[in-house]
Structures are given as structure tokens and as C-alpha cells.
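Engineer: Residue numbers (the numbering used here): 55 to 304. Take this structure, written in C-alpha cells, and hold onto it; I'll ask about it next.
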Ligand SMILES: NC(=O)c1ccc[n+]([C@@H]2O[C@H](COP(=O)([O-])OP(=O)(O)OC[C@H]3O[C@@H](n4cnc5c(N)ncnc54)[C@H](O)[C@@H]3O)[C@@H](O)[C@H]2O)c1
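Right under this line is the structure:
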């Protein structure tokens, strides 16, 4: 038996980075996967990887900032697997600019995906989860939703909103046995940070005060997400799981 045996897990942004490692790990642990992303080619390729290890997955093309898309995604998941047990709101975008250079379009782009898209996800999955015995919603925030840094204000505002929105949803839906938690990764080696980490000086600055002087492998975040998806975390809701190599400890 896997740790999420037969659970239906819907993961956004599953084509790359943390999302990809999460769907591979969950499939290895027995979950049935609904993987969504804007990037269809990469998403289908991850479905192929899951099938190659004997897992079950479908890809659905999805723009998380569209509520219409969310309605279609949840409907597809329920039609295919009958229910949704776990939602991982993982898709996200990052803009690096000082406040004075951040445009309204930058602000809207980041907040539409990272915050509004995540709100739509929680809102649309709740009816499916309420019909079954409950569920686990895992919202991917960031250490940048907890502490400040230079040149990431739109992103930081979006991830800070995710942090407390998670607690609102946790309080509101506890009576339906739906747990809602946030995950706060530090610096992770994914395409999102690749350009910055390729520059030694910028990479050092991004790592900041992290005690582990290295970025994490995305699987080190996927293990935490898996824990929140399982019943091993049954007493956790509204919590912040910080996985940051000690970044926020200093
Ligand atoms: N990499 C890090 O250092 C780091 C640190 C803290 C938090 N995070 C968060 O972790 C999550 C995953 O990041 P990652 O590093 O794996 O990034 P990534 O760029 O490797 O993957 C993000 C995925 O999201 C998809 N995506 C982007 N916009 C979308 C949209 N509108 N609709 C659907 N899919 C969309 C992309 O196509 C991509 O496949 C994000 O929420 C990010 O903010 C990352």
C-alpha cells in the first residue's frame, strides 16, 4: 500500500519543477493523478513518466487564472476518477523587479496566477471534496510569503496572501473535514530560479541567510507536500510547513 493509495490528487503546474516531482512521488505512492499546466507538451511527457512507473495519470490543459478553466478541470477529474481527495495549488510565476520598475501589468500577472488562481482552485474543488469524506488542500506559498527580500514585491505580496487565505479556508471548511495548509519552500533548483542561480553573485544573494548553503532539489519539497496529502498529517490544518534549508531561522 502506498502512502496515498487510490487518492485522487489534482496538482497544478505539474509539468515542471516542484509540481513534476510531486506528481511522480504521489504516483509512486499509489495516487491517481490529475496533472494540469499551461504547458501541454511537458505535461503529457510527465504523464508518460508516471505511466512508465505503473502509475495512473491524466493531463488537463489549464490556465489557473481562469475560473472557467477551473470548472472544466474539476469536472474532468470527477468524471474520470469520481472524486478529488487532494488539491495541490502549485502553479506559480515569479517577476524580479524593484518596486519602482514593477508595472501594473507585472503586478496583475503575478497576483492573477499566484493568488487569484489559487482562490479559484480552492473555491471550485470544495463541492467535490464536500461530497466525499473530506480532503486535503495544499497551497504552495514561499518563504517570500513570510520574510522580505529585495526586488520581488509583487511575488511577495501574492505569496503572503496565500499564507493567510490558507488559514481562512482552513477555519471555514474544518466542519467538512477538509484540511488546508500552506508550504513555504526556500530556494529550489527549478526552471523558476535557473537564470538567477546561473549567475554566481545573484545566486549567492538569492540563497541569503540559508544555513544550508545550497538550493533544494524539488523532491525535498515534494516529500513535505506528500506528508500533507496523507492522513499522517490528520491533525494539521491552517499550518505553515516551512522547508527552507534554515533560511528563515537566522
Ligand atoms: N523554485 C523556487 O525556489 C520556489 C521557492 C518558493 C516557492 N516556489 C513556488 O513553488 C511553485 C512551483 O514553482 P517551481 O519552482 O516548480 O516553478 P516552475 O517554473 O518549474 O514550474 C511552474 C509550473 O507552473 C506552470 N504555470 C505557470 N503559470 C500557469 C498558469 N497560469 N496556469 C497553469 N500553469 C501555470 C508552468 O507552466 C510550470 O510548468 C510556485 O508556486 C512557486 O512560486 C518556488
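The beta-carbon is built from N, C-alpha and C at its ideal position, and this holds for glycine as well.
Between which residues of its own chain and residue 223 is the CB-CB distance below 6 angstroms, once the five residues before and five after are set aside?
Structural biologist: Taking the first residue of the chain shown as position 1, residue 223 is located at position 169. Only 176 and 234 meet the Cβ criterion.
Engineer: Run the proximity test for residue 119: is its beta-carbon closer than 8 angstroms to any non-hydrogen atom belonging to ligand 1?
Structural biologist: By one-based count along the chain shown, residue 119 stands at place 65. Within the cutoff, so yes.
Engineer: Check whether the Cβ atoms of residue 208 and residue 160 sit closer than 9 angstroms, and answer yes or no.
Structural biologist: Here residue 208 corresponds to residue number 154 of the chain shown, with the count starting at 1. Here residue 160 corresponds to residue number 106 of the chain shown, with the count starting at 1. Yes. Within cutoff.
Engineer: Which runs of the beta strand (DSSP E), 3 residues or longer, sit entirely within the region 223-252?
Structural biologist: 232-239
Engineer: From residue 59 to residue 99, what does the alpha carbon distance come to, in whole angstroms?
Structural biologist: Along the chain shown, read from residue 1 onward, the residue named residue 59 stands at position 5. Along the chain shown, read from residue 1 onward, the residue named residue 99 stands at position 45. Spanning the alpha carbons of residue 59 and residue 99 requires a straight line of approximately 23 angstroms.
Engineer: Shorter than 8 angstroms, the distance from the beta carbon of residue 222 to the closest heavy atom of ligand 1, or not?
Structural biologist: Numbered from 1 along the chain shown, position 168 holds the residue referred to as residue 222. Not a single heavy atom of ligand 1 lies less than 8 angstroms from the C-beta of residue 222.
Engineer: Between residue 285 and ligand 1, is the CB less than 8 angstroms from at least one heavy atom?
Structural biologist: Counting from 1 along the chain shown, the entry for residue 285 is found at position 231. It does not: the Cβ of residue 285 is nowhere closer than 8 angstroms to a heavy atom of ligand 1.
Engineer: For ligand 1, any of its heavy atoms closer than 8 angstroms to the Cβ of residue 70?
Structural biologist: Residue mapping note: residue 70 aligns to position 16 of the chain shown, counting from 1. Residue 70 Cβ: within cutoff of ligand 1.
Engineer: DSSP puts residue 86 in a beta bridge; with which residues?
Structural biologist: Here the question's residue 86 lines up with position 32 in the chain shown. Answer is 62 and 110, bridged to residue 86.
Engineer: Give the list of continuous beta strand (DSSP E) stretches no shorter than 3 residues that lie fully inside the region 91-153.
Structural biologist: Complete beta strand (DSSP E) runs here, min 3: 110-115 and 140-143.
Engineer: How big is the Cα-Cα spacing for residue 296 and residue 73?
Structural biologist: Counted from its first residue, the chain shown places residue 296 at position 242. Counted from its first residue, the chain shown places residue 73 at position 19. Going from the Cα of residue 296 to the Cα of residue 73 covers about 17 angstroms.
Engineer: Among 182, 61 and 266, which residue has its Cα nearest to the Cα of residue 227?
Structural biologist: For the purposes of this step, residue 227 is taken as the residue at position 173 of the chain shown. Measuring from the Cα of residue 227, the nearest candidate turns out to be 182.
Engineer: So is the beta-carbon of residue 198 under 8 angstroms away from any non-hydrogen atom of ligand 1?
Structural biologist: The count along the chain shown starts at 1 and reaches residue 198 at position 144. Yes - ligand 1 has a heavy atom lying nearer than 8 angstroms to the Cβ of residue 198.
Engineer: Between the beta-carbon of residue 116 and the beta-carbon of residue 90, is there less than 9 angstroms?
Structural biologist: Position 62 of the chain shown, counting from 1, holds the residue named residue 116. Position 36 of the chain shown, counting from 1, holds the residue named residue 90. Their beta carbons are under 9 angstroms apart, which means residue 116 touches residue 90 by this criterion.
Engineer: Nearest-angstrom Cα distance between residue 168 and residue 148?
Structural biologist: As a working note, residue 168 is residue 114 in the chain shown. As a working note, residue 148 is residue 94 in the chain shown. Taking the CA atoms as reference points, residue 168 sits about 9 angstroms from residue 148.
Engineer: Mapping DSSP to helix, strand and coil, what is residue 46?
Structural biologist: Because the chain spans 55 through 304 in this model, residue 46 falls outside it and cannot be assessed.
Engineer: Compute the distance between the beta-carbons of residue 132 and residue 114, then report whether it is under 9 angstroms.
Structural biologist: Residue numbering aside, residue 132 sits at position 78 when the chain shown is read from its first letter. Residue numbering aside, residue 114 sits at position 60 when the chain shown is read from its first letter. No. Outside cutoff.
Engineer: Examine ligand 1 and report whether any of its heavy atoms sits within less than 8 angstroms of the Cβ of residue 195.
Structural biologist: Here residue 195 corresponds to residue number 141 of the chain shown, with the count starting at 1. Result yes, Cβ under 8 angstroms from ligand 1.
Engineer: On the premise that residue 302 lies in contact with residue 200, defined as a C-beta separation below 8 angstroms, what is that separation, rounded to the nearest angstrom?
Structural biologist: For the purposes of this step, residue 200 is identified with residue 146 of the chain shown, where counting begins at 1. For the purposes of this step, residue 302 is identified with residue 248 of the chain shown, where counting begins at 1. About 6 angstroms separates the two Cβ atoms, so the contact holds.
Engineer: How would you label residue 275, buried or exposed, when you count the other beta carbons within 10 angstroms and need 16 or more for buried?
Structural biologist: Within the chain shown, the letter at position 221 stands for residue 275. Counting Cβ neighbours within 10 Å, residue 275 comes out buried, since at least 16 surround it.
Engineer: Let me know the beta strand (DSSP E) ranges lying completely inside the region 173-223, each 3 residues or longer, listed in chain order.
Structural biologist: 189-194
Engineer: Using the Cα positions of residue 67 and residue 186, report the straight-line distance between them to the nearest angstrom.
Structural biologist: Locating residue 67 in the chain shown gives position 13, counting from the first residue. Locating residue 186 in the chain shown gives position 132, counting from the first residue. Their Cα atoms are separated by approximately 25 angstroms.
Engineer: Quick test of your reading: residue 212 and residue 165, contact by CB under 8 angstroms. State the CB separation rounded to the nearest angstrom.
Structural biologist: Working through the chain shown from its first residue, we reach residue 212 at position 158. Working through the chain shown from its first residue, we reach residue 165 at position 111. Right, the Cβ-Cβ distance comes to about 5 angstroms (below 8 angstroms), so this counts as a contact.
Engineer: Is residue 179 closer than 9 angstroms to residue 189 when the C-beta atoms are compared?
Structural biologist: Position 135 of the chain shown, counted from the start, is the residue given in the question as residue 189. Position 125 of the chain shown, counted from the start, is the residue given in the question as residue 179. For residue 189 and residue 179, yes; Cβs fall inside 9 angstroms.
Engineer: Closer than 8 angstroms to a non-hydrogen atom of ligand 1 - does that hold for the CB of residue 152?
Structural biologist: Here residue 152 corresponds to residue number 98 of the chain shown, with the count starting at 1. No, Cβ of residue 152 sits at least 8 angstroms from all heavy atoms of ligand 1.
Engineer: Residue 80: beta carbon under 8 angstroms from a heavy atom of ligand 1?
Structural biologist: For the purposes of this step, residue 80 is identified with residue 26 of the chain shown, where counting begins at 1. Not under cutoff, so the answer is no.
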